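There are 2 protein chains.
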Amino acid sequence: MSNATSSESSPSTRDQILDEALKCFAEKGYEGTSLNDIAAGVGIRRPSLLHHFASKETLYGDVFERLLSDWMERLDEAIAVPATGWDKAELVLRACLDLFAETPDYVRIMRREALDGGIHLGIDLSGVLRPFFDNAVTYLEGQMDAGVFTRLDARHLLITGYGAILTYFSDSPFVDGLIDDNAMNTKNISDHQEHVIQFFRSALLRS
Amino acid sequence: MSNATSSESSPSTRDQILDEALKCFAEKGYEGTSLNDIAAGVGIRRPSLLHHFASKETLYGDVFERLLSDWMERLDEAIAVPATGWDKAELVLRACLDLFAETPDYVRIMRREALDGGIHLGIDLSGVLRPFFDNAVTYLEGQMDAGVFTRLDARHLLITGYGAILTYFSDSPFVDGLIDDNAMNTKNISDHQEHVIQFFRSALLRS
DNA sequence: GTCTATACCGCGATAGAC
DNA sequence: GTCTATCGCGGTATAGAC
C-alpha cells in the first residue's frame, strides 16, 4: 500500500508525493486539494512536484491507478480461496472489510469518484468492477437456486451490500458523531465487521 | 422542496438561485461549483447573485438549512404514524426511500457533507440527526428484547442500514454502469425499494 | 435588481538559475 | 531535483452606474 522502493530506508520523492496526494484527495477531494497542499506535506515547493508529475490530473490518475491495482490484487486473492456456500460469501466479505479497514483513504476516494461519476478521469470505474460484479451475481443466484441462500434480487443485493459495507469507512467523520466515539478505532471497526457478517448471515441464511 | 412563493406563477430570483445552487452543489460539490455556474443557470451575472446572498458560504448554508428542514418535516410525519413491530419499521423505511427517491440532490449533498465531515459549515450534521438515531436504537432494542426482531447490534444496524439505503441514490452514476441502465428511472427505483424492504425483512424477521 | 468594471487572490503551469 | 520568478486564468467579492 505505502510505496516501498525495494528495501530502501526512505521512499523516493515520487512515492512520498503519491502518498501525500492520496491523503489529501481522500480528505478534501480533487477540487478541494491544491498542489500546494500536497507539496507542503512532502516538504517541497509546487514546481518541484510538477517535475515528477506533468499535471494535477496525471498525479490524480496515478494515485487512482495504484489504488485500483492494490485492491484488485487483494480481491483476486480472496476470491481464489476455495470454499462453498455461506463460507465463501463470508470469506469475501471479510476480505473486503479487512481491506477497507486498512485503506480508508482509498475508500473515501472511491466514494468521491462514485459520487462524481468519474469526471476527473477517463477511467470507467463501474466498467473495471463489472467482472467482479457479474461473477458475484452468478454465484449468488446459483446459491439461491440451490436453496442455500434466501431468494433475493442478486444485483440489488450486491449494490445494497456495497453501500452497507463502504459507508462505515467512507463516512467515518459522520459516524463518529452518531456513536460519540472514534469510528476508526480498533474495537469499533471490529464490532462493525462482526455486525455486518451477522447481518448478512441473518438475511441470507434460515439457520 | 422546490420553492413556491405563496402561489405566484414564477418563483423569486432568490428561490431560483437556491434551486440552481442545490443542483450544482449536489452534482459537483462545494469546491467544484463556482458562483458563475449558479448565476449562469439562473440567467444572471455573478454580482447580481451576490446581491441576494452575501457570500458563497452563506448561500451554501441556506441551501443546506432548507434541505435539513424539509427532511426533518417528512421524517417527523413518517415516525408519527402509529404502527408496531415490523410494520412500523417498514413504514419508516418506505418513508425514507420515497423521500430519497424524490430528492436525490439532497441525498448527494448529504453524502458529500458526511464525507467531508462538515467542513463547509458550522453545522454538526450528526448532532442534528442524533435524536432520530437514539430513538430508533431504543425502538429496535425494544423489539429485539421482545423477540420480534432478530438480535443484532442496533447502533451498527442503523449505520449499516443508512449506508445501504443512501448509497443507491448518492452513487447513482456508478450504479448506472453496474446495471447497464439508468438507476434513477421509475422501474429501477421501485425495484430497489422492494429489494431493500425484503432484505431488511429477511434479516430482522424469522417468518 | 441587475449590470459593467475592477480589485485582489490563489490556482496550475512554465522558464530558467543553481 | 529543487528552487525563485513569472505568466495567465478563474475564483470571490466590491464599487458604482443605470
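These protein sequence lines map, in sequence, to chains L and G. Take the first sequence: its position 64, counted from the start at 1, is 94 in my numbering, and no numbers get skipped. Take the second sequence: its position 66, counted from the start at 1, is 96 in my numbering, and no numbers get skipped. Beta carbons are placed, not taken as given, at the ideal position from N, Cα and C, and that holds for glycine. All of these numbers come straight from a predicted model, not from anything done at the bench.
Neighbours of Pro203 (chain L) in chain G, taken as residues at a C-beta separation under 8 Å, are given in chain order as Ala144, Leu145, Asp146, Gly147, Gly148.
Cβ proximity to chain L below 7 Å picks out Asp221, His222, His225, Val226 from the stretch 215-226 of chain G. For Arg142 (chain L), the uninterrupted alpha helix (DSSP H) run begins and ends at 134-146, by DSSP. Lys86 (chain L) sits close to Leu65 (chain L), with the two beta carbons spaced by under 8 Å. Collapsing the DSSP output to three states places Ala113 (chain L) in coil. In the same chain as His82 (chain L), and ignoring 5 residues on each side of it, the C-beta atoms closer than 7 Å to its own belong to Thr43, Arg44, Ile47, in chain order. Listed along the chain, the chain L residues whose CB falls inside 8 Å of the CB of Leu97 (chain G) amount to none; the nearest CB is some 15 Å away.
By the neighbour-count criterion, in which a residue is buried when 16 or more other Cβ atoms sit within 10 angstroms of its Cβ, Ile139 (chain G) is buried.
DSSP assignment within the stretch 45-121 of chain L yields the following whole alpha helix (DSSP H) runs of 4 residues or more, N-terminal first: 65-72, 76-82, 86-110. Here the alpha carbon of Leu129 (chain G) sits roughly 29 Å from the alpha carbon of Gly157 (chain L). Look at Gln228 (chain G): its C-beta is under 8 Å from a C-beta on chain L. Around Ser200 (chain G), the beta-carbon contacts reaching into chain L at under 7 Å are Leu145. Residue burial annotation: Thr197 (chain L) is buried, with at least 16 other C-beta atoms found within 10 angstroms of its C-beta. Within chain L, no residue has its beta carbon less than 7 Å from that of Thr133 (chain G); the closest one is some 16 Å off. Against Phe163 (chain L), the close residues of chain G are Leu208, in the order they occur along the chain (beta-carbon pairs closer than 8 Å).
Straight-line spacing of the CA atoms in Gly73 (chain L) and Leu145 (chain G) works out to 27 Å. By the neighbour-count criterion, in which 16 or more other beta carbons inside 10 Å mark a residue as buried, Val111 (chain L) falls on the exposed side.
Using a C-beta cut-off of 8 Å, the stretch 210-226 of chain L makes no contact with the stretch 194-213 of chain G, since fewer than three inter-stretch Cβ pairs fall below that distance. For the options G:Leu170, G:Ala233, G:Thr180, G:Gly147, the alpha carbon positioned closest to that of Asp201 (chain L) is the one of G:Gly147. A Cβ of chain L is located within less than 8 Å of the beta carbon of Gly59 (chain G). In this structure, Ala166 (chain L) sits away from Leu182 (chain L), with a CB-CB distance that is not shorter than 8 Å.
Look at Tyr192 (chain L): its C-beta is under 8 Å from a C-beta on chain G. Tyr136 (chain L) sits close to Trp101 (chain L), with the two beta carbons spaced by under 8 Å. Counting along the chain, Val158 (chain L) sits inside the alpha helix (DSSP H) bounded by residues 155-175. By the C-beta density criterion, Ala194 (chain G) is buried, having at least 16 other C-beta atoms within 10 angstroms.
The closest CA to that of Thr114 (chain L), considering only L:Phe229, L:Gln173, L:Asp67, is found on L:Gln173. Residue-level contact check: Gly62 (chain L) touches chain G, since one or more beta carbons of chain G fall below 8 Å from its beta carbon. Counting C-beta atoms within 10 angstroms of its own C-beta, Pro203 (chain L) has 16 or more neighbours from the protein chains shown and is therefore classed as buried. With a threshold of 8 Å between beta carbons, Ile139 (chain G) makes no contact with chain L. Cβ contact annotation for Pro134 (chain G) (same chain, cutoff 6 Å, sequence separation greater than five): Phe199, in chain order. Each of G:Glu143, G:Pro77, G:Ala69 was checked against the Cα of Leu98 (chain G), and the nearest Cα belongs to G:Glu143. Between Thr180 (chain G) and Leu234 (chain G), the CB-CB gap stays under 8 Å.
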